[in-house]
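Working notes, structure below.
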Amino acid sequence: MKNRIRNLFEQKPKGLLSVYFTAGYPNLNDTEAIILELEKNGVDMIEVGMPFSDPLADGPTIQQSSTVALQNGMTISKLFEQLQDIRQKTQIPLVLMGYLNPVMQYGVEPFCQKASEVGIDGVILPDLPLREYVEEYKELFAKYNLSKVFLITPQTPEERIREIDSHTNGFIYMVSTASTTGKTIGLAEQSQAYFQRVAGMKLQNPGVIGFGIHDRETFASACNHGSGAIIGSAFVKALTQEGSLQENISSFIQSIRN
Numbered sequence: 001m002k003n004r005i006r007n008l009f010e011q012k013p014k015g016l017l018s019v020y021f022t023a024g025y026p027n028l029n030d031t032e033a034i035i036l037e038l039e040k041n042g043v044d045m046i047e048v049g050m051p052f053s054d055p056l057a058d059g060p061t062i063q064q065s066s067t068v069a070l071q072n073g074m075t076i077s078k079l080f081e082q083l084q085d086i087r088q089k090t091q092i093p094l095v096l097m098g099y100l101n102p103v104m105q106y107g108v109e110p111f112c113q114k115a116s117e118v119g120i121d122g123v124i125l126p127d128l129p130l131r132e133y134v135e136e137y138k139e140l141f142a143k144y145n146l147s148k149v150f151l152i153t154p155q156t157p158e159e160r161i162r163e164i165d166s167h168t169n170g171f172i173y174m175v176s177t178a179s180t181t182g183k184t185i186g187l188a189e190q191s192q193a194y195f196q197r198v199a200g201m202k203l204q205n206p207g208v209i210g211f212g213i214h215d216r217e218t219f220a221s222a223c224n225h226g227s228g229a230i231i232g233s234a235f236v237k238a239l240t241q242e243g244s245l246q247e248n249i250s251s252f253i254q255s256i257r258n
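Residue 240 in full-length UniProt numbering sits at position 240 of the sequence shown, with consecutive numbering throughout.
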């Protein structure tokens with residue numbers, strides 16, 4: 001059975017905008033409102049961050065949003081409650097992004113089952129090693145029709161990229177640089193060479209570029225090299241500007257798209 005991620009890339013192979021936000025931030029119960037508002041403003045896919053106290057790949061902005069979300073009382077159980085009826089309101093592809101520790105504490109199979117029940121399409125766990133996924137969890141993800149999304153970086157060898165591609169059924173998250181989220185401004189020269197190298201590999205899964213995408217220019221540049229781009233830190237910052245949540249989301253997305 002195809003999931004929404006696969007369908008999305010078939011319908012829109014280029015120019016796709018994916019947006020990340022941290023569940024429970026700025027306020028505990030903003031999750032559904034942010035999802036619906038993002039869809040209304042023409043976003044193609046949404047990554048919902050599961051806050052964790054030790055987020056290795058995240059820069060200061062997302063770390064801080066995680067801290068606030070945890071203080072607000074956000075948990076995986078709470079997030080699943082908030083998403084309980086989301087599929088009655090939207091069919092936009094939804095990906096959960098977080099770290100392995102809270103998922104292990106919840107229980108990997110109960111997590112996959114619940115994610116599937118509420119209509120999640122994919123999961124990103126940057127600290128879950130490929131080998132461990134293949135040996136222990138791949139069948140579980142398949143059973144609940146969840147795409148497992150892996151990250152690659154400019155340092156990832158071709159052999160490993162091909163191996164990741166063979167075990168992926170959604171998209172590949174192409175990290176633009178070796179730094180944490182929100183650190184890079186623009187896409188560096190060496191990133192361009194990496195994008196071209198990956199494009200030349202003719203992978204079976206589309207690549208979406210993340211880290212350093214924060215405005216119209218970097219979004220357009222990423223779309224030239226991949227199927228689309230992921231914006232995280234810049235959007236999380238925009239959520240706490242002056243004005244209502246709706247105004248902040250709308251003006252930010254318009255600034256990227258138009």
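Ideal placement from N, C-alpha and C gives every residue a C-beta, glycine not left out.
Please report the distance separating the alpha-carbon of residue i from that of residue j.
i: S53; j: Q63; result: 8 Å
i: E10; j: R4; result: 10 Å
i: N206; j: G226; result: The question names Asn, yet the displayed sequence has Pro at residue 206. Roughly 7 Å between the two C-alpha positions.
i: S221; j: V175; result: 14 Å
i: Q246; j: E163; result: 41 Å
i: G170; j: L36; result: 22 Å
i: G232; j: H214; result: 8 Å
i: G182; j: F219; result: Its pLDDT being 49, under 50, G182 is placed unreliably in this model, and the value from its coordinates should be taken loosely. Each residue's Cα considered, the two are about 14 Å apart.
i: E32; j: Q88; result: 12 Å
i: Y173; j: N7; result: 17 Å
i: I249; j: R257; result: 12 Å
i: G39; j: T90; result: Just to set this straight, residue 39 is Glu in the shown sequence, not Gly. Distance between the alpha carbons of E39 and T90 is about 8 Å.
i: Q254; j: E135; result: 43 Å
i: N29; j: E159; result: 43 Å
i: residue 269; j: D121; result: Past the edges of the chain, shown from 1 to 258, lies residue 269, and the structure says nothing about it.
i: V208; j: L83; result: 25 Å
i: G228; j: Q155; result: 21 Å
i: N41; j: I230; result: 15 Å
i: E47; j: G243; result: 23 Å
i: G59; j: D127; result: 16 Å
i: A199; j: L100; result: 29 Å
i: S18; j: L239; result: 16 Å
Apart from the five residues just before and just after residue i, which ones in its own chain have a Cβ nearer than 7 Å to its Cβ?
i: V108; result: Y137, L140
i: G98; result: G49, M50, F52, L125
i: K12; result: D44
i: Q241; result: N248
i: P102; result: M50, F52, I76
i: M74; result: A23, G24, L28, P51
i: P110; result: none
Can you tell which of the options has its C-alpha closest to the C-alpha of residue i?
i: C112; options: V43, A142, K14; result: A142
i: F252; options: I152, P129, G15, V43; result: V43
i: Q105; options: P129, S77, T90, I34; result: S77
i: P129; options: E39, L151, L70, I209; result: L151
i: P157; options: M201, Q84, G15; result: M201
i: V118; options: L239, P93, E135; result: P93
i: F211; options: Y194, R197, A234; result: A234
i: Q204; options: Q71, N41, E217, D165; result: D165
i: R197; options: Y133, L16, V103, I161; result: I161
Once you ignore the five residues that flank residue i on each side, which residues in its own chain have a CB closer than 6 Å to its CB?
i: V68; result: Y25
i: S65; result: T22, Y25, V236
i: R216; result: I256
i: T61; result: G182, S233, V236, K237
i: I34; result: F21
i: F195; result: H225
i: L16; result: D44, S227, G228
i: L70; result: P51
Considering only residues of the same chain and omitting the five flanking positions on each side of residue i, which have a CB-CB separation below 8 Å?
i: A115; result: F80, L96, V123, Y144, L146
i: L192; result: Sequence check: residue 192 is Gln here, not Leu. Here the set comprises H225.
i: N27; result: N72
i: H167; result: L130, Y133, V134, K138, K148, F150
i: K14; result: C223, S227, G228
When you compare the CB of residue i with every CB in chain B, is at least one pair closer than 7 Å?
i: G73; result: Included in the structure is just one protein chain, with no chain B present.
### Query
Curious, which full-length alpha helix (DSSP H) runs of at least 4 residues does the segment 181 to 234 contain?
189 to 200, 216 to 225
### Message
Threshold first: 4 residues or longer. Then list the alpha helix (DSSP H) segments lying entirely within the segment 6 to 86, N to C.
### Response
31 to 40, 60 to 72, 76 to 82
### Task
Could I get the ranges of all uninterrupted alpha helix (DSSP H) runs contained in the segment 132 to 179, with 4 residues as the minimum, in chain order?
138 to 143, 158 to 166
### Those runs of the beta strand (DSSP E) which lie wholly inside the segment 97 to 137 and span at least 3 residues
122 to 124
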